[in-house]
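Student: One structure, as structure tokens, below. Some questions next.
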Amino acid sequence: MFENKTRVLLILPQDVLDRARVLAGKSTTTLKLPVSLQIVLRALIEEGLKREGDRNLFANVEGQAHAVRRIRSLAGRGGAAKGEHRNLRSGILRGGSAPGKRYDGKR
Numbered sequence: 000m001f002e003n004k005t006r007v008l009l010i011l012p013q014d015v016l017d018r019a020r021v022l023a024g025k026s027t028t029t030l031k032l033p034v035s036l037q038i039v040l041r042a043l044i045e046e047g048l049k050r051e052g053d054r055n056l057f058a059n060v061e062g063q064a065h066a067v068r069r070i071r072s073l074a075g076r077g078g079a080a081k082g083e084h085r086n087l088r089s090g091i092l093r094g095g096s097a098p099g100k101r102y103d104g105k106r
């Protein structure tokens, strides 16, 4: 299964990591097999790549790209206070929102 493996550093928001850990725990209980966070992340990536034409997936990718651009823009100006970019999210509403609806930073 892993004859051609590569290492990668993945930086995730804490809430996303926590949700993946919960999924690993539920999977362990349901399958009665040890399911690690790495297994869950690998499965999520593989399943996400199968949904290449999905508008929700594309909207999430777009939001992530805009968030990275904003963070880099703030860092490039050098005027951002330390930790100021922590409140920048992916730009996509989660849950029952309309597909591709942007997050404006207000709750």
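Residue numbers for the sequence shown follow numbering that gives the first Met the number 0, so the first one is 0 and each next one is one higher. Glycine residues also receive a C-beta, built at the ideal position from the N, C-alpha and C atoms.
Quick one: residues in its chain with C-beta nearer than 7 Å to the C-beta of S35, no 5 flanking neighbours on either side, listed in chain order?
Tutor: Result list for S35: A23, in chain order.
Student: Around the Cβ of G47, are there at least 16 other Cβ atoms within 10 angstroms (buried) or fewer (exposed)?
Tutor: Exposed, because fewer than 16 other Cβ atoms sit within 10 Å of the Cβ of G47.
Student: Restricting to Cα atoms, I'd like to know which of A66, A74, G75 and L73 is closest to L11.
Tutor: Measuring from the Cα of L11, the nearest candidate turns out to be A66.
Student: Please classify G62: is it buried, with 16 or more other beta-carbons within 10 angstroms of its beta-carbon, or exposed?
Tutor: By the neighbour-count rule (16 or more Cβ atoms within 10 Å), G62 is buried.
Student: Report the CB separation of A64 from L40 in whole angstroms; it is logged as a contact under 8 Å.
Tutor: So it is not a contact: roughly 20 Å between Cβ atoms.
Student: Taking the beta carbon of A74 as the centre, do at least 16 other beta carbons fall within 10 Å, making it buried, or is it exposed?
Tutor: The residue in question, A74, is exposed, as its Cβ has fewer than 16 Cβ neighbours within 10 Å.
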